[in-house]
Amino acid sequence: MKINQTVLKEFILVGFSVYPHAQTFLFVVFFCLYLLTLTGNLTIMSLTWVDRHLHTPMYLFLGALSFSETCYTLTIIPRMLADLLAKKRSISVIGCALQMYFFLGLGGTHCILLTLMGYDRFLAICNPLRYPLLMTNMACGKLVVSAWAAGFFISVTEIALIFRGSFCSPNLVEHFFCHMRAIVRLSCLDSELTEFIVTAISVSGLMGTFLLIILTYIFILSTVLKIPSAEGKQKAFSTCASHLTVVIIHFGFASIVYLKPEASGGDDTVIAVPYTVLTPFLSPLIFSLRNKDMKNAFRKALGKTHFLNKQSWIMEDYKNIHN
1 MKINQTVLKE
11 FILVGFSVYP
21 HAQTFLFVVF
31 FCLYLLTLTG
41 NLTIMSLTWV
51 DRHLHTPMYL
61 FLGALSFSET
71 CYTLTIIPRM
81 LADLLAKKRS
91 ISVIGCALQM
101 YFFLGLGGTH
111 CILLTLMGYD
121 RFLAICNPLR
131 YPLLMTNMAC
141 GKLVVSAWAA
151 GFFISVTEIA
161 LIFRGSFCSP
171 NLVEHFFCHM
181 RAIVRLSCLD
191 SELTEFIVTA
201 ISVSGLMGTF
211 LLIILTYIFI
221 LSTVLKIPSA
231 EGKQKAFSTC
241 ASHLTVVIIH
251 FGFASIVYLK
261 PEASGGDDTV
271 IAVPYTVLTP
281 FLSPLIFSLR
291 NKDMKNAFRK
301 ALGKTHFLNK
311 QSWIMEDYKN
321 IHN
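So in full-length UniProt numbering, spot 259 of the sequence shown is number 259, and the numbers just go up one at a time.
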């Protein structure tokens, strides 16, 4: 037990204040990346909603992933951008708990959705005849709801452990958001045990979902190698390429954050940037650029917009002539 300490009601997010001369530059860079991330995810969600050709489980999972990623960035980046320009970077204990709750819940949901997308590709390639029966839009919807429920159940468990007691001074959080490890170290209770438990839960969820994805791709690879034609192999691989790329980036950056040994040193604030900023930016970019159906749907939407604009111009000219 920590004794003779003041019980805290708020935390100070140190974040990038240790780099005072770079804060304006960082704000511009992160703000541009955030706008591009929002644009990419909103585009994917809009296309999967509007285009009937994308009303399949594969793209419904992609739309759900984009939605969770949009919510995920909303919990972290706007606050980080505001703190880069603010002098006071305090956050209440309740506000910190809420931010961590949504961050952990959406992060867990994201990992599970990536796993379900791998399972979807496994069924499509390894069981193509049964795929329409096993993976219906209704089944896809139920799996998405289950992913959200599981992600936030894990989050509630971790939040209950971290915030079950009081927090002692100093109230400086060496991060730009309420990171799990940074907050649990300020607990007045046995922080080492709590940190070990919540880290074990997060790492188990992270590694468990990653290993499931790897397992599905082992089966996918063994099935693809049995396809006689090179064209068939290429087509099968092309449907998995974007998902596998995002999986490698997402779990690669996440493992750096959660599997980094305590004694290894390094600035946790800088280390978390790829996982919280770059990964959400790259994900919609990869899914949209490496997918023919998404690109075709985007061209079709642009064509319809151009046609409607042209029609409105013609009507406007017609009205002007007759007036």
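For glycine and all other residues, C-beta sits at the position ideal for the given N, C-alpha and C.
Helix, strand or coil, according to DSSP, for SER90 in the structure here?
As a position in the sequence shown, residue 90 is number 90, starting the count at 1. Of the three classes helix, strand and coil, the one that applies to SER90 here is strand, per DSSP.
I'd like to know whether the C-beta atoms of VAL14 and GLU174 end up nearer to each other than 8 angstroms.
For the purposes of this step, residue 14 is identified with residue 14 of the sequence shown, where counting begins at 1. For the purposes of this step, residue 174 is identified with residue 174 of the sequence shown, where counting begins at 1. Less than 8 angstroms divides the Cβ of VAL14 from the Cβ of GLU174.
Out of SER155, ASP190, PRO170 and PHE219, which has the shortest C-alpha to C-alpha gap to ILE201?
Counting from one through the sequence shown, the residue named residue 201 turns up at place 201. Nearest of SER155, ASP190, PRO170 and PHE219 to ILE201, Cα basis: SER155.
Bridge partner(s) assigned by DSSP for LEU172:
Counting from 1 along the sequence shown, the entry for residue 172 is found at position 172. As a beta-bridge residue in DSSP terms, LEU172 pairs with ILE12.
Name the DSSP beta bridge partners of VAL7, please?
Working through the sequence shown from its first residue, we reach residue 7 at position 7. When DSSP reads this structure, VAL7 sits in a beta bridge with CYS168.
Here's a check: name, in chain order, each residue in its chain whose Cβ is nearer than 7 angstroms to the Cβ of SER68, leaving out the five neighbours to either side.
Counting from one through the sequence shown, the residue named residue 68 turns up at place 68. Within the same chain, SER68 has close Cβ partners LEU106, THR109, HIS110 and LEU113.
Sub-8 angstroms separation of ILE271 and LYS260 beta-carbons:
Taking the sequence shown and counting its residues from 1, one reaches residue 271 at position 271. Taking the sequence shown and counting its residues from 1, one reaches residue 260 at position 260. Cβ atoms of ILE271 and LYS260: closer than 8 angstroms.
Coil, strand or helix - GLY303 by DSSP:
Within the sequence shown, the letter at position 303 stands for residue 303. DSSP places GLY303 in the helix class (H, G or I) of the three-state scheme.
The region 74-83 touching the region 29-39, judged by at least three CB pairs closer than 8 angstroms:
A contact exists between the region 74-83 and the region 29-39.
Residue environment, VAL145, which counts as buried when at least 16 other CB atoms sit within 10 Å
The residue given as residue 145 occupies position 145 in the sequence shown. Sixteen is the threshold: since fewer than 16 other Cβ atoms of the shown chains lie within 10 Å of the Cβ of VAL145, the residue is exposed.
Spatial neighbours of ILE12 in its chain, beta-carbon cut-off 7 angstroms, leaving aside the 5 residues before and after:
The residue you call residue 12 lines up with position 12 of the sequence shown. Excluding sequence neighbours, ILE12 sits near ARG89, SER90, ASN171, LEU172 and VAL173.
Could you tell me the distance, in whole angstroms, from the CA atom of LEU42 to the CA atom of ALA64?
Along the sequence shown, one-based indexing puts residue 42 at 42. Along the sequence shown, one-based indexing puts residue 64 at 64. Approximately 11 angstroms between the Cα atoms of the pair.
Which stretch, first to last residue, makes up the alpha helix (DSSP H) that contains LEU278?
Taking the sequence shown and counting its residues from 1, the one referred to as residue 278 is at position 278. Here LEU278 belongs to no alpha helix (DSSP H), and DSSP marks it neither H nor E.
Where the alpha helix (DSSP H) through ASN41 begins and ends
What you label residue 41 is simply residue 41 of the sequence shown in a count that begins at 1. Where ASN41 is concerned, the enclosing alpha helix (DSSP H) stretches over 23-50.
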